[in-house]
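Below you'll find the structure, written out as structure tokens, and then a few comments.
Numbering (my numbering), first residue to last: 2 to 188.
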């Protein structure tokens, strides 16, 4: 029967319906509940996809910053080596955050003589200073976006009457909000 087919397809919602004793009204109520749950799942899945995109952007920003930090450390070491070759000391406090070390390197680069190689190194450090500041800003913005998306998801869950614990449990077991079937049952 059609009720048995629907029970196989949606056991969580229709499993407890007696195929022989169920009235059309009972079935219609059950199908309305199924439709509502499916729509809620679609809404939550869409929000989750936006969160995943925001998390991807944050991961990319962090990766770009980490790569830039490696490059900056190399440039600082090059600057210190160039200064040492000229008998100068460019003091960089390694205990400071990298941004502050970069500021010190930028100041130290001004002490070097004006050979093409030194001017190029100083220019790279100055450029790195600006790029690094932009990467930090980009990462902070991506973090704020992700946090905002999570807050929006939580508000959405509240509006749909789904508790955070219920959502977390269903995501963990992947039984409810994993890959979803977007087919809505006709009432």
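Glycine residues also receive a C-beta, built at the ideal position from the N, C-alpha and C atoms. Because the structure is a prediction, the values reported are computed rather than measured.
Taking 7 Å as the line, does the beta carbon of residue 144 fall inside it for any heavy atom of the ligand PLP? Here there are no bound small molecules, and the ligand PLP is not part of this structure.
Please identify the residue among 35, 23, 131, 25 whose C-alpha is closest to the C-alpha of residue 12. Out of 35, 23, 131, 25, the CA that lies nearest to the CA of residue 12 is found in 35.
Out of curiosity, what's the CA-to-CA distance linking residue 47 and residue 148? Their backbone Cα atoms lie some 16 Å apart in a straight line.
Do residue 102 and residue 94 come within 8 Å of each other at the CB atom, strictly closer than that value? Yes.
Going by DSSP in three states, residue 161 sits in which element: helix, strand or coil? For residue 161, the secondary structure class from DSSP, reduced to helix, strand or coil, is coil.
Locate the alpha helix (DSSP H) running through residue 51, then write down its first and last residues. First-last of the alpha helix (DSSP H) with residue 51: 25–86.
Which word fits residue 166, buried or exposed, when buried means at least 16 other C-beta atoms lie within 10 angstroms of its C-beta? That one is exposed.
Can you give me the Cβ contacts of residue 65 inside the same chain, cut-off strictly under 7 Å, excluding the 5 residues immediately before and after it? Within the same chain, and ignoring the five residues on either side of residue 65 in sequence, the residues whose Cβ sits closer than 7 Å to its Cβ are 136.
Roughly how many angstroms lie between the CA atoms of residue 81 and residue 116, to the nearest whole one? Rounded to whole angstroms, residue 81 to residue 116 spans 15 Å at the Cα level.
Where do the ends of the alpha helix (DSSP H) carrying residue 101 lie? 99–110 is the extent of the alpha helix (DSSP H) around residue 101.
When DSSP labels each residue in this structure, what does residue 168 get in the three-state scheme? DSSP places residue 168 within a helical segment (H, G or I) once states are collapsed to three.
Count the CB pairs spanning the segment 104–111 and the segment 120–127 that are closer than 8 Å, and state whether there are at least three. Taking 8 Å as the limit for Cβ pairs, the verdict is that the segment 120–127 does touch the segment 104–111.
What's the call for residue 91, buried or exposed, on a 16-neighbour Cβ count within 10 Å? In the assembly as shown, residue 91 is a buried residue. Its beta-carbon has 16 or more other beta-carbons within 10 Å.
Within 10 angstroms of its Cβ, does residue 60 collect 16 or more other Cβ (buried), or is it exposed? Flag for residue 60 reads exposed.
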